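Q:
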Amino acid sequence: MTSTTAPAAGSLRGYFALEARRAPRRTSLAAAIAGALVVLGSHALLVRMPSQIVRFFEQAFRVEGMAAVLLLNDLLAVYFVAYFVALAGLLGATVTAREEHRLEILLAKPIRARVLLAARTAPSLLAGAGAGAAVAACAALAVAPYIEAGDMISVAGALGGGLFLVALALALLSALLPLLVRMRDSFHALLVASVAWLAPLMPTAAFMYRPDAFEAREGARSAVVLASLLWNDASAAWLGPAALAIAVPLAILSITAAGVLLERTDAR
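Letter 19 of the sequence shown, counting from 1, is numbered 19 in the working numbering, and no numbers are missing.
(1) Any heavy atom of the ligand COA closer than 8 Å to the Cβ of Leu75?
(2) Measuring CB to CB, does Val155 end up less than 9 Å from Ala140?
(3) Provide the residue span of the alpha helix (DSSP H) that contains Met49, from first to last.
(4) Should Gly157 and Val135 be called a contact, given that it needs their Cβ atoms to be closer than 9 Å?
(5) Looking at the secondary structure, which residues open and close the alpha helix (DSSP H) in which Ile246 lies?
(6) With distances taken from CA atoms, which of Ala31, Ala243, Asp212, Pro145 is nearest His43?
(7) Following the continuous alpha helix (DSSP H) through Arg98, name the residue where it begins and the one where it ends.
(8) Quick test of the definition: if touching needs 3 or more C-beta pairs under 8 Å, does the stretch 242-253 touch the stretch 88-99?
(9) With DSSP as the reference, label Ala6 as helix, strand or coil.
(10) Quick check on DSSP: helix, strand or coil for Asp74?
(11) Give me the residue from Asp151, Pro50, Ala189, Ser28 with the minimum Cα distance to Ala234.
(12) In three-state terms, what does DSSP make of Glu58?
(13) Run the CB neighbour count on Leu246, radius 10 Å, all protein chains shown included, and call it buried at 16 or more, exposed below.
(14) Near Ala193, which residues of its chain fall below 7 Å by C-beta distance, leaving aside the five closest residues on each side in sequence?
(15) Just list the beta strand (DSSP E) runs in the stretch 168-243, keeping only unbroken ones of 3 residues or longer that don't cross its boundaries, in chain order.
(16) Distance check for Ala97 and Thr2, CA to CA, integer angstroms please.
(17) Considering Cα atoms alone, identify which of Ala227, Val248, Ser254 is closest to Leu274.
(18) Cα separation between Gly35 and Leu45?
(19) Between the C-alpha atoms of Ala267 and Tyr79, what's the straight-line distance to the nearest angstrom?
(20) Relative to the C-alpha of Gly261, which residue among Val39, Phe61, Pro178, Ala251 is closest?
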């Protein structure tokens with residue numbers, strides 16, 4: 001049974017600091033480095049591709065210039081790193097802990113479940129956001145030498161687009177958190193989370209093969225197709241940081257809701 005005794009503020013700060021030290025910092029750093037290497041590697045590969053392949057990407061996503069083609073691939077790397085670095089920590093703090101029967105031991109501590117959950121999940125979300133932001137910055141810097149006068153993208157827009165996808169990753173994981181605290185199988189949780197990661201990319205895949213399906217829905221096309229971050233470069237420059245700022249309080253609300261749900265359910 002979970003104790004509801006309220007510990008002192010100093011004890012709470014110490015507990016949060018202890019959990020923060022256990023955050024997946026090495027994983028985050030390794031993922032950021034790997035993401036940066038993927039960005040640089042894809043640039044080295046794509047610039048050596050035949051011009052027909054580059055033209056195919058330009059026509060498929062209605063972009064122009066080598067810089068835009070490179071950035072499309074970079075944005076996927078940013079989204080992947082931010083999402084799965086944070087997801088690994090969240091699974092360890094919730095589903096895996098339940099599978100290994102550690103969750104009931106953790107809930108036996110003289111601390112409310114919502115506080116415990118916040119202390120264990122917030123560092124994972126921050127680690128994912130940090131790794132994703134680092135790859136986004138690397139992508140913006142790496143694409144800069146390929147930007148020519150009159151190109152449709154800029155360094156600021158490239159960075160903003162990357163930060164927008166970091167915010168999207170945080171929003172998706174925050175929405176999944178109340179479900180994760182109820183799940184008891186890591187494989188099923190990973191499968192559900194992977195489907196959630198893939199879902200925002202499906203309209204982009206559909207646009208690639210059936211652009212005519214979006215012709216009468218210009219507003220919807222701009223809202224759901226990944227390439228719209230390049231089409232609206234000036235907006236992406238400020239939209240990314242704004243979305244990231246909005247994602248933070250949404251994550252806090254989701255952690256609180258998941259904590260309340262955890263308090264009301266049996267941890268075993």
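Where a beta carbon is used, it is the ideal one built from N, C-alpha and C, also for glycine. Keep in mind the model is a prediction, meaning the values are calculated, not measured.
A: Once the coordinates are examined:
(1) Ligands in the displayed structure: none, and consequently the ligand COA is not present.
(2) Start at 1 with the first residue of the sequence shown, and residue 155 comes out as number 155. Start at 1 with the first residue of the sequence shown, and residue 140 comes out as number 140. Closer than 9 Å, so yes.
(3) Translated into positions along the sequence shown, residue 49 becomes position 49. Unbroken run through Met49: none, as it is neither H nor E.
(4) For the purposes of this step, residue 157 is taken as the residue at position 157 of the sequence shown. For the purposes of this step, residue 135 is taken as the residue at position 135 of the sequence shown. No.
(5) Residue mapping note: residue 246 aligns to position 246 of the sequence shown, counting from 1. Element bounds for Ile246: 233-263.
(6) Here residue 43 corresponds to residue number 43 of the sequence shown, with the count starting at 1. Cα-wise, what sits closest to His43 is Pro145.
(7) The residue you call residue 98 lines up with position 98 of the sequence shown. It spans 95-99 - the alpha helix (DSSP H) in which Arg98 sits, taken as one unbroken run.
(8) no
(9) Counted from its first residue, the sequence shown places residue 6 at position 6. Only weak support exists for where Ala6 lies, its pLDDT of 46 falling under 50; the coordinates are left without a value.
(10) As a first step, residue 74 is located in the sequence shown; it is residue number 74 there, counting from the start. Helix at Asp74.
(11) By one-based count along the sequence shown, residue 234 stands at place 234. Ranking Asp151, Pro50, Ala189, Ser28 by Cα distance to Ala234 puts Asp151 first.
(12) Working through the sequence shown from its first residue, we reach residue 58 at position 58. Glu58 falls in the helix class under three-state DSSP.
(13) To locate residue 246, count along the sequence shown from 1; it is residue 246. Per the sequence shown, the amino acid found at residue 246 is Ile instead of Leu. With fewer than 16 other Cβ atoms within 10 Å, it is exposed.
(14) Position 193 of the sequence shown, counted from the first residue, corresponds to residue 193. Closer than 7 Å at the Cβ level, and outside the excluded window around Ala193, lie Leu87, Leu176.
(15) Uninterrupted beta strand (DSSP E) stretches at least 3 residues long and entirely within the stretch 168-243 do not occur.
(16) Taking the first residue of the sequence shown as 1, we reach residue 2 at position 2. Taking the first residue of the sequence shown as 1, we reach residue 97 at position 97. In this predicted model, Thr2 has a pLDDT of only 43, less than 50, meaning its place in the structure is not dependable enough to derive any value.
(17) In the structure as shown, the chain starts at 1 and stops at 268, and residue 274 therefore has no counterpart that could be examined.
(18) Your numbering for residue 35 matches position 35 in the sequence shown. Your numbering for residue 45 matches position 45 in the sequence shown. When rounded, the distance between both Cα atoms is 15 Å.
(19) Counting from one through the sequence shown, the residue named residue 267 turns up at place 267. Counting from one through the sequence shown, the residue named residue 79 turns up at place 79. Residue placement at Ala267 is poorly supported in this model, since its pLDDT is 48, which falls under 50; the coordinates still yield a value, given next. Straight-line Cα distance between these residues: approximately 32 Å.
(20) Residue numbering aside, residue 261 sits at position 261 when the sequence shown is read from its first letter. Per the sequence shown, residue 261 should be read as Leu rather than Gly. When only C-alpha atoms are compared, the closest one is Pro178.
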